[in-house]
Structure formats: structure tokens, C-alpha cells
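Residue numbers (my numbering), protein chains in the order written: chain H, 1 to 135; chain Z, 1 to 135. All residues carry an ideal CB built from backbone N, CA and C; glycine is no exception. First the structure, in the form of C-alpha cells, and then the observations on it.
2 protein chains.
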Amino acid sequence: MSPFPPPGDKAALEEGRALTPRFGPDGLVTCVTLDADTGEVLMVAHMNAPALARTLETGEVWYWSRSRQELWRKGATSGQVQSLVEMRVDCDQDALLIRVRVGGDGGCCHTGRRSCFYRAVAVGPDGPRLVPAAP
Amino acid sequence: MSPFPPPGDKAALEEGRALTPRFGPDGLVTCVTLDADTGEVLMVAHMNAPALARTLETGEVWYWSRSRQELWRKGATSGQVQSLVEMRVDCDQDALLIRVRVGGDGGCCHTGRRSCFYRAVAVGPDGPRLVPAAP
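Written out as C-alpha cells, the structure reads:
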């Protein structure tokens, strides 16, 4: 059972004081994670109700791993634990925006990069290609 | 038919030069939209293959509206057209990060705010509550 109240009407969702996440058919909301100090977008992941509840209870960030289908305490094995600095919710409460401080070596992406968004899309005559993103 | 090649193996996805978005079962990828000048997170929305293709072709941002189930040229009615400045893709190519310049009054959220993330989650003794986010 979700520890969060069910979503109310449009006015309650958009202007109310209750956190009533609109989890999708898969039970997930999207979470965008920023570095609290630099504002850099580190990653996009997902939370289900238990992951969100644990994050708010503990101040350490938990996600739901869609690939492993399990609750995922970010950094549990890598040491790149994310400490929650701020959480925001969007107008219709189906997306979260969090600011975090990252432990360990400060990285986030499983490829070893700091951010998962290390490639930009360049559009040329042969269509889009991926190129290294500007730092 | 998607105008994008099908995703390759893990190495191709993460280190390759081909844009091969991993659209979900609903045909969508998540798109995080930032103000190109301030870095502010404006919104989180979704693109299907046609929306992504039109965005890259035209330089104006198209999404897929899940609520209306239709292609959505952002700003078509409000004038808050988004001009694409940069697009990035994440490690496993299931999320996009775009930087845009916003036309019209520069806003983004249908509630009239500039950003959709206008509320923060405050955790108190009675559980989480939403409060106005710091500007």
C-alpha cells in the first residue's frame, strides 16, 4: 500500500499542500537528479512509493531499478551515495526533481562519468550523431 | 516506423555514435527541459519517435502529450515555443536532456509559472508537505 494519499483533483494536485504523487501504471514516477552544488543534471531515474518514502525518511536517495526490478539504494556498492538536499515536485505531481550531494568519488553514472548525460546530439547531413558533450 | 535505428548492444548504446533511443513500452522517452540561459529545470515531458524527429528537423520542440494522446508542438497556443539549443542523451539512451530558449512570455508551466517545479517537499512531524520552492 502506498504511504502517500491518492491524488486529488486538478486544483489539489497543482495548488495543494499534500504530496500525492501520480505513480504511473508501472507504479513509478520520474526523478531528475541534480548536483546540489553545481546544478548539473546527473541522472534521470525512477521511484516507486517505497523508494520515495525511504528517501524522505532517511535523507539518502533510493530509486526503483527497472532493469533489476528491485529497490536500489544509490551508491550501496559504489559508495556514490546521494544525500538529499532538496526535493521538488512538478505541477501535476508525476515528476520529482531532487538536489543531492554525492558521496564516494562524486560520480553518478555506471560508465564512470560524473553525469549520465555525457553525449550531445549533433544533426548533420547524414542525420543525428552523438558527440562528446561540452564539459 | 521509427526513423531511428534500433538500439544496439550495451557498448553501442553507451559508447557509440548512433542515436538509438530506447523508447519504452508506451513508445516514449523522458525528456528533461532546461532553460538554456539560466540552467533552470523548466519541465519534464515525453517524446515519441515522431516528436523527437520533428524536434531535430525543425529546431522547435515537439513532445507527445500523454493526457491528450497527440503530438504537441509546445507553445502552439500559448506562444511559449521552445527553440532547441542543445540535446543530450543519457548513458542507456532512455532519457533526453534539452536546453531551450522559450518564446512568448518565457514561461513554461500551464499554471502560469515559469517552471513546473514551483513546490518543494518539506518533511515535518506530520509527514511530507508541499511548500513554495525558493526562487
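For H/Ala45: DSSP bridge partner residues: Counting from 1 along the first sequence, the entry for residue 45 of chain H is found at position 45. H/Ala45 is bridged to H/Cys31.
Neighbouring residues, chain Z, relative to H/Arg129 (Cβ below 9 Å): The residue you call residue 129 of chain H lines up with position 129 of the first sequence. Within chain Z, the residues near H/Arg129 are Arg17, Ala18 and Leu19.
Same chain, Cβ closer than 6 Å to Z/Glu14, five either side skipped, listed in chain order: On the second sequence, position 14 is the one that residue 14 of chain Z refers to. Only Cys91 meet the Cβ criterion.
Environment of H/Pro21 [buried if 16+ CB atoms lie within 10 Å]: Within the first sequence, residue 21 of chain H is the residue found at index 21, counting from 1. For H/Pro21, the number of other beta carbons within 10 angstroms of its own is at least 16, and it is reported as buried.
Chain Z within 8 Å of H/Glu60, Cβ atoms only: As a position in the first sequence, residue 60 of chain H is number 60, starting the count at 1. Among the CB atoms of chain Z, none fall inside 8 Å of the CB of H/Glu60.
Beta-carbon proximity list for Z/Ala120, same chain, < 6 Å, skipping 5 on both sides: Residue mapping note: residue 120 of chain Z aligns to position 120 of the second sequence, counting from 1. For Z/Ala120, same chain residues with a beta-carbon under 6 Å away, outside a window of 5 residues either side, are Val131 and Ala133 in chain order.
Buried or exposed by the 16-neighbour rule on C-beta atoms within 10 Å, applied to H/Ala76: Locating residue 76 of chain H in the first sequence gives position 76, where the first residue counts as 1. An exposed status is given to H/Ala76, since fewer than 16 other beta-carbon atoms sit within 10 Å of its beta-carbon.
N- and C-terminal bounds of the beta strand (DSSP E) containing Z/Leu97: Here residue 97 of chain Z refers to the residue found at position 97 when the second sequence is read from its first residue. Under the DSSP assignment, Z/Leu97 falls in the beta strand (DSSP E) whose first and last residues are Ala95 to Val102.
Z/Ala134 in three-state terms, based on DSSP: Within the second sequence, numbered from 1, the residue matching residue 134 of chain Z stands at position 134. Correct three-state label for Z/Ala134: coil.
Residue closest to Z/Gln145, alpha-carbon to alpha-carbon, out of Z/Leu52, Z/Leu71, Z/Leu84 and Z/Val102: Because chain Z is modelled from 1 through 135, residue 145 of chain Z falls outside the range shown and cannot be assessed.
Residue-chain proximity (H/Gly39, chain Z), Cβ-Cβ < 8 Å: Position 39 of the first sequence, counting from 1, holds the residue named residue 39 of chain H. The beta-carbon of H/Gly39 is placed less than 8 Å from the nearest beta-carbon of chain Z.
Minimum length 4: unbroken alpha helix (DSSP H) runs contained in the segment 48-94 of chain Z: Complete alpha helix (DSSP H) runs here, min 4: 49-58.
Interface partners of Z/Thr111 on chain H, CB under 7 Å: Taking the second sequence and counting its residues from 1, one reaches residue 111 of chain Z at position 111. Think of a sphere of 7 Å around the beta carbon of Z/Thr111: the chain H residues whose beta carbon falls inside it are Glu14 and Cys91, in chain order.
Proximal residues of chain H, C-beta to C-beta of Z/Glu86 below 9 Å: Here residue 86 of chain Z refers to the residue found at position 86 of the second sequence. In chain order, Ala120, Val121, Ala133 and Ala134 make up the part of chain H whose C-beta sits under 9 Å from the C-beta of Z/Glu86.
Closer than 8 Å to chain H by CB, Z/Ala51: Position 51 of the second sequence holds residue 51 of chain Z. Chain H, which has no Cβ nearer than 8 Å to the Cβ of Z/Ala51, makes this no.
H/Lys74, buried or exposed, once every other Cβ within 10 Å from all chains shown has been counted against 16: For this step, residue 74 of chain H is matched to residue 74 along the first sequence. H/Lys74 comes out buried.
Identified DSSP bridge partners for H/Ala12: Your numbering for residue 12 of chain H matches position 12 in the first sequence. DSSP lists no bridge partner for H/Ala12.
C-alpha gap between H/Pro6 and H/Val123, whole angstroms: The residue you call residue 6 of chain H lines up with position 6 of the first sequence. The residue you call residue 123 of chain H lines up with position 123 of the first sequence. Computed Cα separation, rounded: 43 Å.
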